[in-house]
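Protein chains in written order, with full-length UniProt numbering: chain V, 1 to 372; chain U, 1 to 501; chain D, 1 to 409.
Here the structure is laid out as structure tokens; the discussion comes afterwards.
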Amino acid sequence: MSNSLTRKLSPSKIGLAVAAPLAAAVFSIIISSLAVIASKKSPMEAFTTMWDYGTEAGSLMEVINTATPYYIAAIAIAVTFRAGLFNIGVEGQLRLGALFSCYIGAMFVLPPVLHVAVVFIIAMTFGGLWAAIAAYLKVKRGVNEVISTIMLNALAGGLSAYLLSKHFALVEEGSNNLQTKELPASAQVPDLMPLLRKFGVEDQPGGGVYGMFFVAVALGLIFWFVVNRTRFGFELRASGLNPIAARVSGVNSKKMTFLALVISGAIAGLAGLPEVLGQTHSYNLGFRAGIGFSAIAVALLGRNSAGGMAFSALLFGFLEVSSRSLELIDIAPETYVIMQGSILLSAVIAYEVVRRFKLTLQSNELAKVVQP
Amino acid sequence: MSVAVELRHITKRFPGVIANKDVSIKVETGTVHALVGENGAGKSTVMKILYGMQRPDSGEILVNGANVNFKNPNDAIAAGIGMVHQHFMLADNFTVLENIILGSEPKHGATIDFVAARKKVVEMAAQYGLDIDPDVLVEELGVGQRQRVEILKVLFRGAKILIFDEPTAVLVPQEVDDLFKALEGLRAQGMAVIFISHKLDEVLRVADEVTVVRQGSTVAEVKSKDVTARQLAELMVGSELPKPSTLGHTRREEITLTLRDVSIATATGSRNLISNISFDLHAGEVVGIAGVEGNGQAELVEAIMGLREYTGSIEFHGSSIDELSVAERHDLGIGLIPEDRQRQALMMSSPLWENRILGHQRGKPVMRGFVIDKKATIESTRTIMQEFDVRAPGPDTLAAALSGGNQQKFIVGREMSKVPALLVASHPTRGVDVGAQGAIWDVLRKAREKGMAVVLISADLEELIGMSDRLLVMLRGAITAELDPTKTTPEQLGSAMTGAV
Amino acid sequence: MKAMKILRYATMLVFVLASIRVITGASDLTSTGTASAALLLSVPIVLAALGGLFSERAGVVNIGLEGMMIMGAWAGGYIGSQHGPWFGLMAAMIFGSVGALVHAIATVTFGVDHVVSGVAINIIAAGLVRYLSTLMYKNGSWPGPSQSPGIETIPLNGLPVLSGGQYFGWKSPDLLGSIANLNWFFVSDIASILRGLTGDVSYVTVVAISFVPLAYFILWRTAFGLRLRSAGEAPVAAESLGVNVYAMKYAGVLISGGLAGLGGGFLAIVAASNYQENQVAGRGYIGLAALLFGNYRPGGLLAGAGLFGFADALQLRDSAAIHALLLLIVVILAFVAFRKFKSGKQIGGLLALTAAGFTLWFYFAVDELPGQLVTMTPYIATLLVMALASQRLRMPAADGMPYRRGGLR
């Protein structure tokens with residue numbers, strides 16, 4: 001057998017790896033340029049303005065802060081994607097996780113690290129429980145998890161608004177902003193600025209980098225290892241790739257479905273925390289909406305792999321932050337959603353085209369082996 | 001007699017599949033013309049080209065003397081060509097009538113004229129002796145009836161040239177007789193029938209002329225009355241055929257598997273899918289389960305593997321496994337070759353080394369604790385590929401890139417690598433070429449000598465008779481007969497399978 | 001047969017509702033206003049669900065309905081405010097179809113996973129309209145970055161004789177309305193519901209509802225419909241008979257987008273009087289749920305959409321009625337418990353009975369539901385209905401599967 005064939009890193013293979021992202025990038029640059037031209041401005045000017053602003057130290061910190069919750073939420077979604085499921089309910093799960101961890105976490109004081117850990121556990125518990133509803137309906141009643149998690153998002157929105165206004169919020173005279181009691185210092189995650197200063201980074205007006213950044217990195221590593229290198233990860237992926245074969249091979253498919261959704265929800269519960277623990281220190285009406293939906297795009301663009309999602313989370317964060325500068329040259333900053341959308345769409349198509357091409361290539365290679 | 005259809009020097013290349021090289025066939029009206037060759041020889045490709053599903057790289061097609069160029073099946077249908085596919089091309093959730101008229105619906109203004117369509121179908125069915133109720137859903141039909149729908153579909157379009165792609169593969173002998181009677185009728189009405197098969201006795205029974213293909217090329221064209229099955233076989237493979245045979249008894253005293261009154265009810269509980277199945281299987285013994293597809297064989301496999309809930313009891317090496325999960329049964333040493341390899345045994349978009357893990361993810365050699373031992377897995381994959389002659393560049397090749405036969409060899413190799421004490425083998429050689437078939441039989445034989453017990457389920461009656469120490473016949477979910485394979489002919493077995501005895 | 005059964009169930013439901021109305025005094029449960037609002041709120045869901053029907057029957061899962069509705073709503077607001085409501089509705093259909101075209105290219109031509117493509121379209125549509133609205137606002141032609149100028153209304157009418165209405169200057173009597181006002185138990189309840197469904201109805205509503213039988217006719221009585229469905233049931237078989245499966249899938253998805261877009265346009269033009277951001281608010285998804293509830297059939301999805309429309313109408317009009325609706329849940333749960341016990345499933349029966357008891361307790365413990373919880377009603381209804389209905393679903397056999405001509409992978 002010609003094992004050397006597979007070892008050889010042919011130019012075509014390297015080309016394939018680069019082809020999809022490259023094609024997607026070109027396509028989205030064209031579309032975004034059209035959007036800029038629609039506002040009667042020069043695309044070149046727009047892109048350079050964004051780049052100049054986005055690469056300033058302060059902006060980069062913001063990029064990381066924007067990307068951190070995206071990344072955590074994207075990992076949550078990827079857990080289900082890998083199992084052949086789709087948890088669209090991350091938005092609701094992270095909202096409830098943040099709300100309950102702020103409300104319960106502010107009730108007591110614990111030693112610093114322990115308190116944060118407890119807050120994490122609360123967030124994961126409520127995120128997981130909310131996802132467990134969808135998991136239960138899927139396993140016991142066969143309800144499509146896509147629809148149930150979307151409905152649960154709407155319910156989480158209503159429920160959190162109700163709980164905040166009627167039960168959890170402090171009543172403050174003369175203030176419209178409802179918010180939970182502030183978390184004690186022991187439950188707050190410190191900024192990374194002190195650390196960064198040691199590396200010669202200067203203070204920026206916008207503040208520093210959330211400490212939860214490290215949590216996101218750790219989650220990414222754990223995700224990679226568990227999914228790619230462990231038995232649980234293998235069974236998870238097998239369930240996604242061929243659920244029938246997975247069952248025949250001894251995977252308990254109902255248990256796997258349940259676990260995947262609940263684990264996903266638990267991770268999602270953490271995705272609301274970077275801002276809450278790092279900046280606002282309480283859950284309030286201004287809690288950032290839409291993380292869970294942007295994270296779907298991040299997961300899809302990153303192909304559910306730890307590295308890919310890290311890249312796409314940073315890319316999305318960069319586009320969001322740097323596009324603010326467009327206002328200076330009189331272009332709608334919302335242009336960034338066009339950029340994100342066109343990248344996402346062209347990427348999913350490009351991945352599929354490359355996959356098909358790869359298969360044809362392998363079949364050709366095989367033909368050489370089979371036919372003497 | 002005139003020539004209905006002629007293929008001249010057809011050549012077709014495919015990535016990964018044997019191409020057609022210079023294939024020429026001439027079929028006259030009012031005859032049955034057989035196209036024989038082993039699996040993978042290129043028979044189906046030729047027919048797909050003739051039916052417009054694929055386009056030849058070179059060569060020409062003539063229908064009734066005129067040169068044609070088919071872009072799609074529509075063109076072929078318009079030229080009077082019809083195809084009865086090996087894997088039925090039917091929508092289960094459509095009625096028989098809807099299936100028949102799809103694509104050439106008689107219209108009444110904007111709507112389909114169901115009345116006229118039904119009338120025409122009923123008339124045609126009567127004319128060709130293909131009795132069927134046009135208003136039932138296809139999912140309620142048996143295999144023989146489904147084939148009738150396929151034939152009616154073709155006739156409804158006014159086809160004069162009919163292609164039958166391995167039509168007997170799914171039929172029991174009695175149904176084959178019915179089919180052959182229908183073919184006689186078609187021939188008598190002046191149709192040209194192209195009959196694709198690798199079952200040579202059937203070919204000699206029904207065909208007037210035979211074209212043999214080997215490795216993508218036509219190697220001979222003969223009158224069926226001038227040749228014997230033996231000669232045809234040699235033309236087909238260019239060498240002697242392997243025979244399924246276990247050669248002598250290796251049965252041991254100890255009992256590996258015991259089933260007692262195993263039953264599975266339908267979801268609604270209205271009837272039993274299998275009822276009161278009981279048998280003992282000794283180490284070193286092969287028990288063959290014969291039966292027309294859909295008579296409970298699949299459910300029996302699911303019960304043994306724990307994939308479905310059942311009543312009654314199953315014992316393995318004398319202790320009950322009723323409470324054990326699928327995984328635990330695998331780990332006890334029960335191996336499974338499932339009937340549908342792509343659906344039940346492979347992750348098509350994953351490399352072979354990851355497929356090596358499937359079903360073995362709970363232990364050595366692929367795991368070290370809870371972590372995948374990638375190096376050992378790749379090494380083991382390579383060993384399987386060598387021992388079982390899996391033709392692929394290496395462990396990194398995607399399962400989807402392999403041909404069906406090589407996929408099957410890989411699956412057999414994977415199951416045998418754990419040295420199971422019991423192997424449940426569902427159609428282990430279905431759709432694989434002759435060489436691989438012989439290799440798989442060899443493996444089963446050797447393992448049996450070493451004491452492996454085998455539950456063998458197959459639609460190939462020769463395989464069942466040749467490989468089994470004992471035959472159990474399943475009909476409507478129950479075991480209706482036990483036969484001694486040394487004293488059973490395929491015809492007798494077929495009769496038993498349909499309950500004709 | 002089947003129609004009789006449905007009629008019987010509907011009558012039973014009205015009877016239970018009428019009883020609850022009498023017991024609780026929540027008159028809005030069966031009022032003309034509620035029925036009328038329910039109809040109005042059902043229409044976008046019906047249109048979305050019909051869109052889903054065409055797409056999924058052709059074998060393409062369309063979770064992008066939401067995005068197509070969003071595009072339709074925006075186009076309806078933009079064109080509608082400039083050129084009048086009828087052009088607005090046409091623009092809504094076209095915009096929805098553009099979204100659908102993207103979905104078809106991605107899924108049919110390139111074989112992208114249907115759910116992935118659909119979700120991508122939803123994300124993109126939401127972003128696109130936000131961008132476009134901002135542009136309009138900056139141009140100074142829109143009053144705000146999240147809403148369009150007002151749109152002219154399309155006239156309403158009612159059934160002659162029965163429900164009032166105007167015909168060529170003739171003012172018809174309003175029989176049902178009169179009966180409804182008599183306040184006879186059950187009879188007036190039926191009359192007021194019927195009056196709500198047939199009186200003061202927009203012409204667009206009539207057209208939209210007539211799409212339901214039309215869809216049945218097209219899909220089950222024409223050659224086009226048979227071929228379209230064959231693409232969703234057995235594409236390879238269809239191809240072997242010369243059906244152009246790609247064309248059928250494209251057709252199904254494009255029709256789907258047109259209908260969903262129209263549903264979005266309806267929200268902006270008929271249900272409201274201008275486009276507002278987040279107007280669609282998950283109705284595309286609810287439409288999909290209605291389709292599933294209706295087991296991929298036109299009549300069934302109409303029933304599903306009606307249910308959600310009813311729940312939505314009640315929560316908008318009267319939160320006291322939602323409180324009363326808890327009693328309906330008690331009745332349904334008790335019925336489920338009864339059925340479970342009868343079929344020997346003791347545990348399931350006990351669970352249902354416990355839930356019924358809990359709901360009854362909740363009913364008495366709480367006098368009025370807070371507003372944030374009341375808005376959740378349609379979503380809870382969706383979840384409950386899905387939980388009860390999902391198991392007997394029969395989706396098209398090849399729905400959601402990638403398909404390539406010639407059986408290539």
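In this text, a Cβ means the ideal position worked out from N, Cα and C, and glycines have one as well.
Remember, it's a predicted structure, so these values are computed and weren't measured experimentally.
Open item on the list: Give me the DSSP bridge partner(s) of V32/U.
Closed with: Per DSSP, V193/U.
Open item on the list: When you compare the CB positions of G257/D and S117/D, do they come within less than 7 angstroms of one another, or not?
Closed with: No, the pair does not count as a contact, with Cβ atoms beyond the cut-off.
Open item on the list: Nearest by alpha-carbon distance to E221/U: which of R214/U, A229/U, E209/U is it?
Closed with: Of R214/U, A229/U, E209/U, the residue nearest in Cα terms is E209/U.
- [ ] Taking all protein chains shown into account, decide if T69/U is buried (16 or more other Cβ within 10 angstroms of its Cβ) or exposed.
- [x] A small fix is needed here, since residue 69/U is Asn in this sequence, not Thr. N69/U should be labelled exposed.
Task: Pairwise C-alpha distance: G220/V and R7/V - done: Low confidence applies here, because R7/V scores a pLDDT of 42, under 50, leaving its location unreliable and the question unanswered by this model.
Open item on the list: The beta strand (DSSP E) that contains F316/U, what's its start and end?
Closed with: For F316/U, the enclosing beta strand (DSSP E) has its first and last residue at 311 to 316.
- [ ] Would you list, in sequence order, the uninterrupted beta strand (DSSP E) runs of no fewer than 3 residues that lie entirely inside the segment 122 to 191 of chain U?
- [x] Runs of the beta strand (DSSP E) inside the segment 122 to 191 of chain U: 161 to 165.
Open item on the list: Is any non-hydrogen atom of the ligand MN found closer than 6 angstroms to the C-beta of M339/V, if you look at the structure I gave you?
Closed with: In the structure on display, the ligand MN does not appear, and there are no ligands present to speak of.
- [ ] Measure the alpha-carbon distance for V245/D versus A117/V and round it to whole angstroms.
- [x] Computed Cα separation, rounded: 55 angstroms.
Open item on the list: Closest to A10/D by C-alpha separation, out of W142/D, S42/D, F186/D, G84/D, would be which residue?
Closed with: F186/D is the residue among W142/D, S42/D, F186/D, G84/D whose C-alpha sits nearest the C-alpha of A10/D.
Task: is_contact[T230/V, chain U] using C-beta, thresh 7 angstroms - done: It does; some Cβ of chain U falls within 7 angstroms.
- [ ] Would you mind telling me which residues of chain D sit closer than 8 angstroms to D340/U, beta carbon to beta carbon, in chain order?
- [x] Taking a Cβ-Cβ cut-off of 8 angstroms, D340/U has no neighbours in chain D, whose nearest Cβ is about 16 angstroms from it.
Task: Span of the alpha helix (DSSP H) around L261/V - done: Element bounds for L261/V: 253 to 270.
Open item on the list: Strictly below 8 angstroms CB to CB, what residues from chain D border V354/V?
Closed with: Within 8 angstroms Cβ-Cβ: nothing; V354/V doesn't reach chain D, min ~11 angstroms.
Task: First and last residue of the uninterrupted beta strand (DSSP E) at S426/U - done: Its beta strand (DSSP E) spans residues 422 to 426.
Task: Straight-line gap, K409/U to V432/U (C-alpha atoms, nearest Å) - done: Going by the C-alpha atoms only, they are around 9 angstroms apart.
Open item on the list: Does any residue of chain V have a CB that is nearer than 7 angstroms to the CB of F87/D?
Closed with: Judged by the 7 angstroms Cβ criterion, F87/D is not in contact with chain V.
Task: Classification of P393/U by the beta-carbon crowding that lies within 10 angstroms, buried from 16 upward - done: With 16 or more neighbouring CB atoms inside 10 Å of its own CB, P393/U falls in the buried class.
Task: Which residues DSSP lists as bridging H323/D, in chain order - done: In DSSP, H323/D forms no bridge with anything.
TODO: Residues of the segment 312 to 339 of chain D with a CB closer than 9 angstroms to any CB of chain V: list them in chain order, please.
DONE: Here the close residues number zero.
Open item on the list: Whole angstroms are fine: how far does the CA of L327/D sit from the CA of residue 448/D?
Closed with: Past the boundaries of the shown model lies residue 448/D; chain D is included only from 1 to 409, so the question cannot be answered.
Open item on the list: Below 8 angstroms on the Cβ atoms is my contact criterion, and I expect I338/V with L128/D to pass it. Report the Cβ-Cβ distance as a whole number of Å.
Closed with: Indeed, because the Cβ distance is near 7 angstroms, the residues count as touching under 8 angstroms.
Task: Three-state class that DSSP yields for K342/D in the structure shown - done: K342/D falls in the helix class under three-state DSSP.
- [ ] Use the C-beta contact count for I222/V: other C-beta atoms within 10 angstroms, 16 or more gives buried, fewer gives exposed.
- [x] By the neighbour-count rule (16 or more Cβ atoms within 10 Å), I222/V is not buried but exposed.
TODO: Would you mind giving the Cβ-Cβ distance between V287/U and R448/U, rounded to the nearest angstrom? I have them listed as a contact below 8 angstroms.
DONE: Going by Cβ atoms, the distance from V287/U to R448/U rounds to 11 angstroms, so no, they are not a contact pair.
Task: Coil, strand or helix - R95/V by DSSP - done: Helix, per DSSP.
Task: For K120/U, three-class secondary structure by DSSP - done: In the three-state reduction of the DSSP assignment, K120/U falls in the helix class.
Open item on the list: Output needed in chain order: residues of the segment 137 to 151 of chain V with a Cβ under 8 angstroms from some Cβ in chain D.
Closed with: Under the 8 angstroms Cβ criterion, the segment 137 to 151 of chain V contributes L137, R141, G142, V143, N144, V146, I147, S148, I150, M151.
Task: Distance between T198/D and M4/D (C-alpha atoms, nearest Å) - done: One C-alpha to the other measures close to 21 angstroms.
- [ ] Would you kindly work out how many angstroms separate the C-alpha atoms of A303/U and V326/U, rounded to a whole number?
- [x] Computed Cα separation, rounded: 10 angstroms.
TODO: Could you tell me whether the Cβ of S245/V comes closer than 7 angstroms to any Cβ of chain U?
DONE: According to the sequence as given, residue 245/V is Ala; it is not Ser. Against chain U, the CB of A245/V has a partner CB under 7 angstroms away; the residue lies at that interface.
Open item on the list: In the DSSP output, what is L259/U paired with across the bridge?
Closed with: Answer is F279/U, I314/U.
Open item on the list: With H, G and I counted as helix, E and B as strand and the rest as coil, what does DSSP make of K171/D?
Closed with: Three-state result, K171/D: strand.
TODO: Please name the residues in the segment 397 to 417 of chain U whose beta-carbon is closer than 9 angstroms to at least one beta-carbon of chain V, in chain order.
DONE: So the list reads T397, L398, A400, A401, L402, S403, N406, given in the order they occur along the chain.
Task: Proximal residues, the segment 103 to 131 of chain U versus chain D, C-beta separation under 7 angstroms - done: For the segment 103 to 131 of chain U, which is checked against every Cβ of chain D, the residues closer than 7 angstroms are G103, E105, K107, A110, T111, I112.
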